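Sequential numbering of the sequence shown, starting at 0, is according to numbering that gives the first Met the number 0. For glycine and all other residues, C-beta sits at the position ideal for the given N, C-alpha and C. Predicted model only: the values in this text are computed from it and were never measured.
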Amino acid sequence: MPLAVDSVSVRFGGVLAVNEASLAAAAGHVTGLIGPNGAGKTTLFNVVSGMIAPTSGRVTLGGEDITRLPTHRRARGGIARTFQRLELFSSLSVFENVQVAAEIARRAAPRRVAGELLERVGISHVADVAAGDLPTGTARLLEVARALATEPQVLLLDEPASGLGHEESSRLGALLRQLAAEAIAVLLVEHDVELVMEICDRLFVLDLGRIIASGPPAEVREHPAVIDAYLGAG
Ligand SMILES: Nc1ncnc2c1ncn2[C@@H]1O[C@H](COP(=O)(O)OP(=O)(O)O)[C@@H](O)[C@H]1O
Ligand SMILES: [Mg+2]
């Protein structure tokens with residue numbers, strides 16, 4: 000299994016943000032992580048990418064324990080992510096943002112990589128625009144291009160479709176399926192239930208820090224606890 004989270008807990012003072020959560024993301028699959036606001040999804044991503052250390056539990060990549068590896072070592076090991084609150088270089092152009100990511104990842108031809116990735120996510124037409132001037136939806140696609148510049152084995156996406164129009168969303172969905180077909184393990188946090196149900200092979204549902212259900216989307220959407228905690232309101 001490329002990525003496995005094994006009984007991870009995260010405590011922030013009095014708040015148990017993640018409570019013995021376990022999940023796995025397989026190569027070739029799009030795995031969804033859903034749940035209400037405050038469930039602990041972003042915190043779990045922060046644990047996987049190494050931005051925070053779990054209070055207990057472990058994270059493995061290809062069977063190797065990476066729980067205590069620093070962020071940059073995980074990135075080199077093949078974990079890339081996008082951020083719910085965008086983390087772009089706002090004064091650099093769209094093209095330069097991807098080029099810099101490719102340079103940091105020591106790709107052989109960073110300019111060529113940047114050109115190809117902008118084409119791939121469908122934002123070549125804004126290559127010269129400063130990233131800080133982009134509408135949110137386009138900036139999210141740029142974050143995906145930047146993550147791909149590192150040639151990840153595991154790609155973590157934190158609400159990539161928020162701010163995207165319907166057409167952009169379905170193009171993003173198609174792209175994520177293609178990435179899975181290239182043997183990347185895609186782990187997706189997303190509130191757009193329609194998109195999640197359509198493109199995920201498997202879902203994990205987080206509520207108040209706990210995984211309350213997992214399985215194929217069609218099963219998970221019928222799960223009473225999931226309907227109560229999350230889907231019922233929608
Ligand atoms: N750095 C932090 N310090 C204290 N509490 C935090 C911190 N980050 C998140 N939390 C709390 O942890 C819980 C889970 O938050 P988060 O992981 O952002 O949820 P989600 O992404 O599912 O909306 C929330 O109660 C949130 O307030
Ligand atoms: Mg979040």
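query                                                                                                                                          : result
Tell me whether T149 sits in a helix, a strand or coil according to DSSP, three-state version.                                                 : coil
Compute the Euclidean distance between the alpha carbons of D200 and V29, then round it to the nearest angstrom.                               : 6 Å
Please list, in chain order, all residues with a C-beta atom less than 5 Å from at least one heavy atom of ligand 1.                           : F11, A16, N36, G37, A38, G39, K40, T41, T42
Given a threshold of 16 other Cβ atoms within 10 Å of its Cβ, counted over all protein chains shown, does N45 qualify as buried or as exposed? : buried
Within the region 95–148, note down every full beta strand (DSSP E) run reaching 3 residues or more, in order along the chain.                 : none
Assuming L2 and V153 form a contact by the criterion Cβ under 8 Å, report the distance between their Cβ atoms to the nearest whole angstrom.   : 5 Å
Pull up the distance between the alpha-carbon of R106 and that of T149, whole angstroms please.                                                : 8 Å
Between the beta-carbon of A130 and the beta-carbon of L91, is there less than 8 Å?                                                            : yes
May I ask whether a heavy atom of ligand 2 can be found less than 7 Å away from the beta carbon of D206?                                       : no
Would you mind working out which of G208, V192, I210 sits nearest G282, comparing C-alpha positions?                                           : The structure shown does not extend to residue 282, since the chain is modelled only from 0 to 233, so the question has no answer here.
Measure the alpha-carbon distance for R84 versus E95 and round it to whole angstroms.                                                          : 20 Å
Any heavy atom of ligand 2 within a distance shorter than 7 Å of the CB on D64?                                                                : no
Using the Cβ count rule (16 or more neighbours within 10 Å means buried), how would you classify R72?                                          : exposed
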